[in-house]
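The numbering used here numbers the first residue of the sequence shown as 10 and each following residue consecutively.
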Amino acid sequence: MDLSRRRALPFQTPVHAKDAALARSPETIELLLTRRSTKALTMVEPGPDATELQTILRIGARVPDHGKLAPWRFVVFQGEARRAFGAILSEVYARVQPNAGDDQIEFEAGRFLRAPTVVAVISRVTPGIKIPEWEQLLSAGAVCQNMLVAATALGYGAQWLTEWYAFDPEIGQALGLKDNERVAGFIYLGSESVAKDERPRPVLSEIVSVWPGKAE
Numbered sequence: 010m011d012l013s014r015r016r017a018l019p020f021q022t023p024v025h026a027k028d029a030a031l032a033r034s035p036e037t038i039e040l041l042l043t044r045r046s047t048k049a050l051t052m053v054e055p056g057p058d059a060t061e062l063q064t065i066l067r068i069g070a071r072v073p074d075h076g077k078l079a080p081w082r083f084v085v086f087q088g089e090a091r092r093a094f095g096a097i098l099s100e101v102y103a104r105v106q107p108n109a110g111d112d113q114i115e116f117e118a119g120r121f122l123r124a125p126t127v128v129a130v131i132s133r134v135t136p137g138i139k140i141p142e143w144e145q146l147l148s149a150g151a152v153c154q155n156m157l158v159a160a161t162a163l164g165y166g167a168q169w170l171t172e173w174y175a176f177d178p179e180i181g182q183a184l185g186l187k188d189n190e191r192v193a194g195f196i197y198l199g200s201e202s203v204a205k206d207e208r209p210r211p212v213l214s215e216i217v218s219v220w221p222g223k224a225e
């Protein structure tokens with residue numbers, strides 16, 4: 010069957026014909042075309058409230074998920090929990106980098122204070138099943154991107170970071186990571202304090218090709 014020639018049957022009305030408002034959203038297109046990350050260092054209060062954070066997390070979890078595995082979970086840091094986790098970061102960093110100066114140790118202690126809310130997105134891969142591990146990892150990446158878009162749509166700044174602590178085994182223990190888990194990213198959420206400048210984007214002609222078909 011040539012799927013490229015498929016047409017809707019008489020009883021199959023395209024969704025966009027039933028409800029154009031549902032199918033077309035210029036605001037969404039504009040959001041996706043203009044979304045920019047906000048540097049965590051420039052974030053200020055307020056961050057998302059409880060309802061807004063739930064919305065961001067729900068949208069984060071609404072991603073392609075082959076096998077309905079939900080191969081990810083969230084850890085939320087707010088309030089004094091950010092400072093407490095920062096103490097762990099600075100302690101581990103000082104041990105790993107014994108020559109680090111006091112300024113750097115102090116910076117590590119304040120990493121999670123850069124934004125009102127920090128969400129760790131944890132990838133949890135189930136090995137040995139028919140769903141490729143690579144697809145499960147990609148699903149966690151989609152979670153991070155959805156959260157950035159959701160936060161932007163709600164009027165907040167957002168940045169997806171990993172940095173050294175995403176890969177440190179001691180920090181992984183502090184996060185309660187299991188053997189099949191790893192940090193996909195830390196999503197920093199807060200209000201913007203400075204205007205964001207556009208940066209150069211890939212030129213489509215340099216990254217897009219059209220498969221020419223099989224050679225005769």
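Glycine is no exception: its CB is placed at the ideal position from the N, C-alpha and C atoms. Computed from a prediction, not measured in an experiment: that's the story for all the values here.
query = Are P57 and T51 close, meaning C-beta to C-beta below 9 Å?
reply = Within the sequence shown, numbered from 1, the residue matching residue 57 stands at position 48. Within the sequence shown, numbered from 1, the residue matching residue 51 stands at position 42. No. Outside cutoff.
query = Taking the DSSP output, what are the residues bridged to M52?
reply = Here residue 52 is taken as the residue at index 43 of the sequence shown, counted from 1. M52 pairs with E201.
task = Report the residue from W81, A160, A162, V53 whose alpha carbon sits nearest the alpha carbon of L147.
result = Here residue 147 refers to the residue found at position 138 of the sequence shown. L147 has its Cα closest to that of W81, out of W81, A160, A162, V53.
message = Using DSSP's beta-bridge definition, name the partner residues of R133.
response = Numbered from 1 along the sequence shown, position 124 holds the residue referred to as residue 133. Paired residues: E190.
message = Could you pull the DSSP bridge partners for I196 from this structure?
response = Along the sequence shown, read from residue 1 onward, the residue named residue 196 stands at position 187. Paired residue(s): V128, W169.
task = Using a threshold of 9 Å, state whether the C-beta atoms of F176 and V127 are closer than that.
result = Working through the sequence shown from its first residue, we reach residue 176 at position 167. Working through the sequence shown from its first residue, we reach residue 127 at position 118. Their beta carbons are not under 9 Å apart, which means F176 does not touch V127 by this criterion.
inquiry  = Please classify G137 as buried or exposed, where buried requires at least 16 other C-beta atoms within 10 Å of its C-beta.
reply    = By one-based count along the sequence shown, residue 137 stands at place 128. Exposed, since its Cβ has fewer than 16 Cβ neighbours within 10 Å.
query = From the DSSP output, which residues share a beta bridge with V217?
reply = Here the question's residue 217 lines up with position 208 in the sequence shown. Note: V217 sits in no beta bridge, so no partner.
request  = Less than 8 Å between the CB atoms is what I'm expecting for F262 and L98, so what's the real figure, rounded?
outcome  = There is simply no residue 262 to check, as the chain begins at 10 and stops at 225 in what is shown.
ask   = Thinking just about the alpha-carbon of each residue, which of G95, V134, I216, A204 is nearest to the one in R120?
value = As a working mapping, residue 120 is identified with position 111 in the sequence shown. Here the closest residue by C-alpha is G95.
ask   = Quick one: what does DSSP say R44 is sitting in, helix, strand or coil?
value = As a working note, residue 44 is residue 35 in the sequence shown. DSSP places R44 in coil when its eight states are reduced to three.
Three-state class that DSSP yields for V212 in the structure shown = Counting from one through the sequence shown, the residue named residue 212 turns up at place 203. Three-state result, V212: coil.
query = How many Å lie between W220 and Y174 at the Cα?
reply = For this step, residue 220 is matched to residue 211 along the sequence shown. For this step, residue 174 is matched to residue 165 along the sequence shown. Rounded to whole angstroms, W220 to Y174 spans 41 Å at the Cα level.
inquiry  = Tell me the residue span of the beta strand (DSSP E) that contains F83.
reply    = Taking the sequence shown and counting its residues from 1, the one referred to as residue 83 is at position 74. F83 -> beta strand (DSSP E) spans 81 to 87.
task = Taking the CB atoms as reference points, tell me whether L78 and Q145 lie closer together than 9 Å.
result = Taking the first residue of the sequence shown as 1, we reach residue 78 at position 69. Taking the first residue of the sequence shown as 1, we reach residue 145 at position 136. Yes, these two residues count as a Cβ contact at 9 Å.
key: Exposed unless 16 or more other CB atoms sit within 10 angstroms - verdict on T161   = Start at 1 with the first residue of the sequence shown, and residue 161 comes out as number 152. T161 should be labelled buried.
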